[in-house]
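Peer 1: The structure is given below, and queries will be raised subsequently.
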Amino acid sequence: MSERFLVPGLVAASVVAIFAACLLGSTPLAADRVLSAFLGGADVGDRLVVWQIRLPRAIAAYVTGAALGISGAALQGLLRNPLAEPGVLGVSASASLLATFSLYYGLAALSPWILPLSAIAGALAATALIALAAIRTRSVVTLILIGVGLSSFSGAAMSLLMNLAPNPFSLSDMINWMLGSVANRSFQELGLAAPFLLAGTIILLVSRRGLSALTLGEEAASGVGLNLRNQRILTVLGAGLATGGSVGLAGAIGFVGIVAPHIIRPFVKHDPARSLIPSALLAGLILVMADIGVRLMPTTNELKLGVVAALIGAPAFVWIAMRRRTLNG
Amino acid sequence: MADLIARNLSVEAGNATLVRDASFRLARGELVALLGPNGAGKTSLLRASLGLEKRASGDALLDGTDSEKLSPMQRARRVAYLPQQRPLAWPNTVRDVVALGRFAYGAAPGRLSAEDADAVERAIKLCDLGSFVDRQADTLSGGELARVHCARAFAAGAPLLIADEPVAALDPRHQFRIMDMIRGFVDEGGGALVVLHDIALAARYADRMIWMKDAQIVADGPPVETLSEERMADIYGVRAKVSGNSVEIEGAI
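Sequence lines, in order, name chains A and B.
Sequence positions in the first sequence follow this note's numbering and run 48 to 376.
Sequence positions in the second sequence follow this note's numbering and run -4 to 248.
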């Protein structure tokens, strides 16, 4: 029963959260001023704050979370493990490595598309590696260890890039990609990420039915009619595009992709396919709220969104891992 | 006419030959037991004949079409397959697991057409799962779970069933219940190929027994013709007392 109200409830909460993100901030705006700014009224300053600063930032946080949530839910379905997630599997880190690489070598200046594309290339490479390893090993622990390896490697390579950074500006840029932030995002950057986020989401949604079949294990899933190879390719491609797009927009933000599907699963009877859309909505909601928190926190330097996400998400990850009954290793 | 015909199938892995030159036929209306010691190549033979494992030579026709050329969905509509390993990744409800049997018809849990829902209901009734359809599968006992998997296979409505050790690790009562369900499926016109390690159970239920040893099929026929003390010694290396369809194993040779 609760399943029927899940998606409408999450959509409503998301709209409220994004609206709240436009109200709150260093200069609080009253609801009526935000509303009239939305409709093109209000004074220039209000419109500027809402349309140029707060709304794009809130939407960036939302779509980043949604992309990570849907990727996490899909990867969990594919690998049949609740701990799979772009961050844990090293996909986000690899994506941000290539993003920083393109920044460091000035490639990103050549075309605005270079940055999201290199993030996606990193994400796809890592996701494909994980999926290849998944064919060889049935142990998800192995996959997570590979993810740890990928993350460490990306972290080390990024430190190397930082050491070599020619100026402090690119250094702070790189920190943005490593820790993840949606500060100062504009609709232009959103537009650059949108095609990839959209394509990844569509691929994941179109291929989600196979994730239900994978509940039975790979052998039985192909027995009931699943084309395993195509399913792997589609999920890897979709998750790679969505995660890469989100990293290109906001840098590496971890753990949202674990927390959201974990909360959603009991509401959708633990069916991976049905968990995709609500997980995306919830993860988006979580990141918008976390970003509001980041902006409201009275710290001298604004906290990075990815730091807050990890502060909430990492303990949740440990908790899920500890409570997990061994179903398939 | 739904049938599965394997012709001179061979399967190799590296230098090892897992199946050598195996031929058999499975048609509707018969329950065939596939027997042989661990490592005899039973699972490889099943997988290769279904087109799930690469063959070194030979072919397998499912209703006249090479099973390797069928799409997974086409194959699933012709033969239901219960593999040996049946791990469930999530604590789904029993009804949803059974509903996955309808995957090849475009169904998904929570999205069943009237026809799919009907097939799922029938399978649930057939396997006597009515009392716990809404329970999560991870709370079931091994015997209950085995029945859920059977129901999942029956829900597909395929004319043929291939089951790899469906009664492994079950108590005697559940072994009989599962075999009764498979027998019922055959009596209604299905054809079943079942890997078994319990020879007595196989002799009791099977219309035909296929015996494998060292990657080869060494005998194929009704229990009265193929079950003998010599065969038990040859295949399994055990001393056994055989009379008609009953067999009693006395010890290792």
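Note that the Cβ used here is the ideal one computed from N, Cα and C, for glycine as well.
1. Under a three-way DSSP split, which group does A/Gly376 fall into?
2. Could you check whether the segment 69 to 80 of chain A touches the segment 283 to 297 of chain A, counting it as contact only if at least three pairs of C-beta atoms, one from each stretch, sit closer than 8 Å?
3. Measure from the C-beta of A/Arg127 to each C-beta in chain B and report whether the shortest distance is under 9 Å.
4. Can you check whether the C-beta of B/Leu249 is within less than 9 Å of a C-beta belonging to chain A?
5. Between B/Met68 and chain A, is there a C-beta pair that is closer than 9 Å?
6. Mapping the DSSP letters down to three states, classify B/Phe19 as helix, strand or coil.
7. List the residues of chain B whose Cβ lies closer than 9 Å to the Cβ of A/Ala260, in chain order.
8. Along the segment 273 to 307 of chain A, what residues have a CB closer than 7 Å to any CB found in chain B?
9. Going along chain B, which residues have a C-beta under 9 Å from A/Gly264?
10. Give me the chain B residues within the contact set of A/Gly87, using Cβ-Cβ distance strictly less than 8 Å, ordered along the chain.
11. Can you name the start and end residues of the alpha helix (DSSP H) that B/Leu191 belongs to?
12. Among the candidates B/Gly59, B/Asp58, B/Pro67 and B/Gly31, whose CA atom is the shortest distance from the CA of B/Glu48?
13. Taking the straight line between their C-alpha atoms, what separation do you get for A/Ala363 and A/Val306?
14. Run through DSSP, which three-state label would A/Trp160 get?
15. Using the beta-carbon of each residue, which ones in chain B are nearer than 9 Å to A/Gly56?
16. Taking the C-alpha atoms as reference points, what is the distance between A/Glu50 and B/Gln131?
17. May I have the straight-line CA-CA distance separating A/Ser201 from A/Leu190, to the nearest angstrom?
18. Check whether the Cβ atoms of A/Ala131 and A/Leu122 sit closer than 9 Å, and answer yes or no.
19. Say the cut is 8 Å; is the CB of B/Glu25 nearer than that to a heavy atom of the ligand FMN?
20. Name the two residues that bound the continuous beta strand (DSSP E) containing A/Tyr36.
21. Going along the chain, which residues of the segment 37 to 71 of chain B sit with their C-beta nearer than 9 Å to a C-beta in chain A?
22. Would you say A/Ser143 faces chain B, with C-beta separation under 9 Å as the test?
23. So if I threshold CB-CB distances at 9 Å, which residues from the segment 134 to 146 of chain B count as touching chain A?
24. Examine chain B for any beta-carbon lying closer than 9 Å to the beta-carbon of A/Met48, and answer yes or no.
25. Ordered along the chain, which non-local residues of its own chain (more than five positions away) have a Cβ less than 7 Å from that of B/Glu243?
26. Could you say which of A/Leu71, A/Asn223, A/Glu349 and A/Tyr109 lies nearest to A/Ala140 if we only look at CA atoms?
27. Are the C-beta of A/Leu374 and some C-beta of chain B separated by less than 9 Å?
28. Name the two residues that bound the continuous beta strand (DSSP E) containing B/Glu243.
29. Note down, one range per segment and in chain order, each alpha helix (DSSP H) of at least 4 residues found wholly within the segment 186 to 237 of chain B.
30. Given that a residue counts as buried once 16 or more other Cβ atoms are within 10 Å of its Cβ, and exposed if not, what is B/Lys64?
31. Please tell me whether A/Pro163 and A/Leu263 are closer than 9 Å, where the distance is taken between their beta carbons.
32. Please confirm whether A/Ser198 has its beta-carbon closer than 9 Å to some beta-carbon of chain B.
33. Could you say which of A/Gly301, A/Ala260 and A/Ile250 lies nearest to A/Ile280 if we only look at CA atoms?
34. For the candidate residues A/Leu102, A/Ala59, A/Leu208 and A/His309, whose alpha-carbon lies nearest to that of A/Phe148?
35. Straight-line CA distance for B/Arg117 to B/Asp123?
36. Between the alpha carbons of A/Glu265 and A/Leu275, how many angstroms are there, rounded?
Peer 2: Reading off the structure:
1. Stepping through the first sequence from its first residue, residue 376 of chain A is reached at position 329. Caution is warranted here: a pLDDT of 41 is assigned to A/Gly376, below 50, making its placement in the model unreliable, and no coordinate value can be reported.
2. no
3. Residue numbering aside, residue 127 of chain A sits at position 80 when the first sequence is read from its first letter. Chain B, which has a Cβ nearer than 9 Å to the Cβ of A/Arg127, makes this yes.
4. Any answer about residue 249 of chain B is impossible in this case: the structure gives chain B only from -4 up to 248.
5. As a working note, residue 68 of chain B is residue 73 in the second sequence. Judged by the 9 Å Cβ criterion, B/Met68 is in contact with chain A.
6. The residue labelled residue 19 of chain B in the question sits at position 24 within the second sequence. In the structure shown, B/Phe19 sits in a strand (DSSP, three-state: E or B).
7. Here residue 260 of chain A refers to the residue found at position 213 when the first sequence is read from its first residue. In chain order: Leu95, Phe98 and Ala103.
8. Leu273 and Asn274
9. For the purposes of this step, residue 264 of chain A is identified with residue 217 of the first sequence, where counting begins at 1. Those within 9 Å of A/Gly264 in chain B are Pro78, Gln80, Arg81, Pro82, Leu83 and Ala84.
10. Residue numbering aside, residue 87 of chain A sits at position 40 when the first sequence is read from its first letter. Per Cβ cutoff of 8 Å: no residues; A/Gly87 is ~42 Å from chain B at best.
11. One-based indexing of the second sequence puts residue 191 of chain B at position 196. Taken as a continuous stretch (DSSP letters only), B/Leu191 belongs to no alpha helix (DSSP H), as it is neither H nor E.
12. Counting from 1 along the second sequence, the entry for residue 48 of chain B is found at position 53. Here the closest residue by C-alpha is B/Pro67.
13. Here residue 363 of chain A refers to the residue found at position 316 when the first sequence is read from its first residue. Here residue 306 of chain A refers to the residue found at position 259 when the first sequence is read from its first residue. Roughly 7 Å between the two C-alpha positions.
14. Here residue 160 of chain A corresponds to residue number 113 of the first sequence, with the count starting at 1. Coil, per DSSP.
15. Counting from one through the first sequence, the residue named residue 56 of chain A turns up at place 9. The premise fails here: A/Gly56 is roughly 18 Å from chain B at the closest Cβ pair, so nothing lies under 9 Å.
16. If you number the first sequence from 1, residue 50 of chain A lands on position 3. If you number the second sequence from 1, residue 131 of chain B lands on position 136. Their backbone Cα atoms lie some 16 Å apart in a straight line.
17. Mapped onto the first sequence, residue 201 of chain A falls at position 154. Mapped onto the first sequence, residue 190 of chain A falls at position 143. The straight-line gap from Cα to Cα measures roughly 16 Å.
18. If you number the first sequence from 1, residue 131 of chain A lands on position 84. If you number the first sequence from 1, residue 122 of chain A lands on position 75. Their beta carbons are under 9 Å apart, which means A/Ala131 touches A/Leu122 by this criterion.
19. This structure does not include the ligand FMN; it has no bound ligands of any sort.
20. The requested residue 36 of chain A is not part of the displayed model; chain A covers only 48 to 376.
21. Sequence-ordered contacts of the segment 37 to 71 of chain B with chain A read Arg42, Leu45, Leu47, Ser66, Pro67, Met68, Gln69, Arg70 and Ala71 [C-beta pairs closer than 9 Å].
22. Against the first sequence, residue 143 of chain A aligns to sequence position 96. So, not an interface residue.
23. Taking 9 Å as the upper bound on Cβ-Cβ separation, chain A lies near residues His144 of the segment 134 to 146 of chain B.
24. What you label residue 48 of chain A is simply residue 1 of the first sequence in a count that begins at 1. Low local confidence applies: a pLDDT of 46 at A/Met48 is under 50, so the model's placement there is unreliable, and no value is given.
25. To locate residue 243 of chain B, count along the second sequence from 1; it is residue 248. If we look at B/Glu243 and ignore the five residues flanking it on each side, its Cβ neighbours are Ala235 and Lys236.
26. The residue you call residue 140 of chain A lines up with position 93 of the first sequence. Among A/Leu71, A/Asn223, A/Glu349 and A/Tyr109, the Cα nearest to that of A/Ala140 belongs to A/Asn223.
27. Counted from its first residue, the first sequence places residue 374 of chain A at position 327. Any reading at A/Leu374 needs caution, since the residue's pLDDT is 46, under 50, leaving its predicted position unreliable; the model's value is listed next. Yes, contact with chain B.
28. Against the second sequence, residue 243 of chain B aligns to sequence position 248. Annotation: the continuous beta strand (DSSP E) that includes B/Glu243 extends over Ser241 to Ala247.
29. 194 to 200, 218 to 221 and 224 to 231
30. Numbered from 1 along the second sequence, position 69 holds the residue referred to as residue 64 of chain B. Under this definition B/Lys64 is an exposed residue.
31. Along the first sequence, one-based indexing puts residue 163 of chain A at 116. Along the first sequence, one-based indexing puts residue 263 of chain A at 216. Not in contact: A/Pro163 and A/Leu263 (Cβ atoms no closer than 9 Å).
32. Position 151 of the first sequence, counted from the first residue, corresponds to residue 198 of chain A. By this cut-off, A/Ser198 is not an interface position.
33. Taking the first sequence and counting its residues from 1, the one referred to as residue 280 of chain A is at position 233. Relative to A/Ile280, the option among A/Gly301, A/Ala260 and A/Ile250 whose CA is nearest is A/Ile250.
34. As a first step, residue 148 of chain A must be located in the first sequence, where it is residue number 101. For A/Phe148, the nearest C-alpha among the options comes from A/Leu208.
35. What you label residue 117 of chain B is simply residue 122 of the second sequence in a count that begins at 1. What you label residue 123 of chain B is simply residue 128 of the second sequence in a count that begins at 1. So the two alpha carbons sit approximately 10 Å from each other.
36. Within the first sequence, numbered from 1, the residue matching residue 265 of chain A stands at position 218. Within the first sequence, numbered from 1, the residue matching residue 275 of chain A stands at position 228. In a straight line, the C-alpha of A/Glu265 is about 7 Å away from that of A/Leu275.
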